[in-house]
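Numbered by the working numbering, the letters in the sequence shown go through residues 375 to 536 in order. Think of the CB as a built atom: it goes at the ideal place given N, C-alpha and C, for glycine as much as any other residue.
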Amino acid sequence: MTFSEATLARFAREVAKYPADQKASAVMACLAIVQQEQGHVSAEAEKGVADVLGMPPIAVHEVTTFYNMYNQEPVGQFKLNVCTNLPCQLRDGETALQHVCKKLGVEPYGSTADGVFTVQPSECLGACADAPVLLVNDRQMLSYMTEARLDDLLATLKANAK
Numbered sequence: 375m376t377f378s379e380a381t382l383a384r385f386a387r388e389v390a391k392y393p394a395d396q397k398a399s400a401v402m403a404c405l406a407i408v409q410q411e412q413g414h415v416s417a418e419a420e421k422g423v424a425d426v427l428g429m430p431p432i433a434v435h436e437v438t439t440f441y442n443m444y445n446q447e448p449v450g451q452f453k454l455n456v457c458t459n460l461p462c463q464l465r466d467g468e469t470a471l472q473h474v475c476k477k478l479g480v481e482p483y484g485s486t487a488d489g490v491f492t493v494q495p496s497e498c499l500g501a502c503a504d505a506p507v508l509l510v511n512d513r514q515m516l517s518y519m520t521e522a523r524l525d526d527l528l529a530t531l532k533a534n535a536k
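Here it is in structure tokens:
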């Protein structure tokens with residue numbers, strides 16, 4: 375994959391943060407840049423990042439597949455990660471996930487037909503005391519997500535969809 379000069383410049387700024395012989399340390403930042411610009415990290419983009427950083431493509435793929443913040447397929451405008459790890463599970467995390475899926479008419483990991491929402495179960499989001507928790511677009515953490523709060527969130531997001 376050929377990246378734009380602007381993207382390569384952004385990669386270079388990330389690579390410059392590490393010793394010259396440790397360019398691979400910038401892999402997560404470079405993947406985040408790709409995702410920000412393209413909406414997801416394709417296999418072709420993984421190969422391009424590997425080429426830029428001098429890494430084996432499989433090493434980049436391992437990073438992409440290990441962290442659920444990297445989308446390997448296109449996702450909806452609003453990606454909703456619902457924590458289903460054990461502490462959240464004990465405080466209705468699975469119930470919250472099932473409620474969102476039912477309300478949107480999708481299965482876990484699915485996207486709505488209009489492309490507005492993608493729903494994913496998530497591993498620990500680090501807010502166990504606030505369960506159930508939900509992360510919107512890998513950026514905004516929401517706590518104590520009762521069914522009423524989930525309904526309000528979905529209505530608000532839908533109203534603000536582009």
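query: Whole-angstrom C-beta distance between Asn445 and Val415, which should lie under 8 angstroms; result: 7 angstroms
query: Selected residue, minimal CA-CA separation from Lys532, among Ala503, Leu478 and Cys502; result: Leu478
query: Pair within 8 angstroms by beta-carbon distance, Leu471 and Pro461; result: no
query: Host beta strand (DSSP E) of Met515 (start-end); result: Gln514 to Leu516
query: Top-ranked residue by Cα proximity to Gly413, from Asp425, Ile432 and Asn511; result: Asn511
query: Distance CB(Val490)-CB(Val480) smaller than 8 angstroms; result: no
query: Alpha-carbon spacing of Thr438 relative to Leu508, whole angstroms; result: 21 angstroms
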